[in-house]
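Chains as they are written, first to last, in the working numbering: chain A, 1 to 238; chain B, 1001 to 1238.
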């Protein structure tokens, strides 16, 4: 982690530990510089990063303030797909339904920019939240990037493994969202009636060099899953 | 608009006009500086802005590349709530169902940080896409910020009016997403059976000073609406 990222993490910890709420003002720049014993440019970069993440907002001439969304039990749509600190006191468990090397579907091949004859790792898992069915996840990993997976690996965090174990550098993602009716097979895994509503999230994950390497499709149990996004000022409705 | 924002808009136009695709490389920094006749720092700021917006990605030592999501007919979740250039060749029309000054619901008061006795403008509208029902929108505007609305104004873009007409400065938003079953009243407006799936988007819009001023709840017709988000590298799944 680069210095300013580390400082950003520490400021987030500070906000957490002091239970600061939306609108609470952070100490002034000079105080932050002294507290963390770093330069002005490091603090500025750290605050810019936190603003991008939606953790703070800056008001010109007035200061830096905490952002905090108001609802409990909502998952952060764009961070860790929500399976971390947003859900404190919540236990996420996994069941692996399927793991195999196969040829991609047409949709997966298109999403991954590969041929229909190229190999992918196909992983199908169900996630549980405190023992309650949360979602059904199907992922296609380009095997020329994610060269190895086994049952033990996919029963934990695949992304942690491919970053630490395989040295894969994960960049940006394209995320697609829609609601729909559950298909019979999906409904079975989610313990819902087929035709029940589902919140679908499809994601194409890219390497830092822009190559797509993972196409995943997740069907969320509509009663168990709610999401939030903290947008920035460069996004606005017109 | 500040200079670098203007240049960012021109680079987006350049990408559009040249029909550049995901992964296409932009001209090098020096060429962009010469083309737009601006300093290196302006170009750099413009490119940073475009990266934040998910329009380009930068690969260290290699260049700047175009990002473009692959699916047609998807609306950009975080930009203009999707009602603009993402939907080319698409005509969005509005029907105003209700416009009145009233007291907020408990939920709206909480979202807007106001009392149950404060006044809000309540606006209920249906949007159509090429004549087809797209969504039902209910909005609560804090009347002490949005001091005036009338039927003519709400039959067009309210945000354009409050920015240009009232000088309101719009900042960040908190967006909440979930799927659910349509209530009878909603189903009626969307021309669907009640209990049909819906994609719900609730948004709290804030001023640049952090004050919430608009709480809106939108129920989307599940067959008509699909969304995308282009995330950046500071978001990643673990």
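We put the beta carbon where it would ideally sit given N, CA and C, even for glycine.
- Among the residues of chain A, those whose CB is under 8 Å from the CB of residue 1226 of chain B are 176, 177, 178, following chain order.
- Membership of residue 1170 of chain B in the beta strand (DSSP E) is indicated by the continuous run 1170 to 1181.
- The beta carbon of residue 1109 of chain B sits closer than 6 Å to those of 1116, all from its chain and outside the five residues before and after it, given in chain order.
- Excluding residues up to 5 positions away in sequence, 1204 lie with their Cβ nearer than 6 Å to the Cβ of residue 1174 of chain B in the same chain.
- As DSSP reads the structure, residue 1197 of chain B sits in a beta bridge with B:1181.
- Taking a beta-carbon distance threshold of 8 Å, residue 1146 of chain B does not count as an interface residue toward chain A.
- The continuous alpha helix (DSSP H) containing residue 1031 of chain B extends over residues 1029 to 1036.
- Taking 8 Å as the cut-off, the beta carbon of residue 1125 of chain B is found closer than this to the beta carbon of residue 1094 of chain B.
- The C-beta of residue 1078 of chain B comes closer than 8 Å to at least one C-beta of chain A.
- In the same chain as residue 172 of chain A, and ignoring 5 residues on each side of it, the C-beta atoms closer than 7 Å to its own belong to 206, in chain order.
- Residue 9 of chain A carries a helical assignment under DSSP once its states are collapsed to helix, strand and coil.
- At least 8 Å separates the CB of residue 1133 of chain B from every CB of chain A.
- Against chain B, the beta carbon of residue 125 of chain A has no neighbour under 9 Å; the closest one sits roughly 13 Å away.
- Within chain A, 178, 179, 180, 181, 197 have C-beta atoms less than 9 Å from the C-beta of residue 1222 of chain B, given in sequence order.
- Contact between the region 1002 to 1012 of chain B and the region 1042 to 1052 of chain B is present, with at least three C-beta pairs closer than 8 Å.
- Residue 1025 of chain B is not a Cβ neighbour of residue 1073 of chain B, given a cutoff of 8 Å.
- At the C-beta level, residue 1132 of chain B and residue 1068 of chain B stay beyond 8 Å of one another.
- Around residue 1135 of chain B, the same chain offers 1127, 1218, 1219, 1220, 1221, 1225 as residues with beta carbons nearer than 7 Å, after the five sequence neighbours per side are excluded.
- In this structure, the CA atom of residue 10 of chain A is about 50 Å from the CA atom of residue 1130 of chain B.
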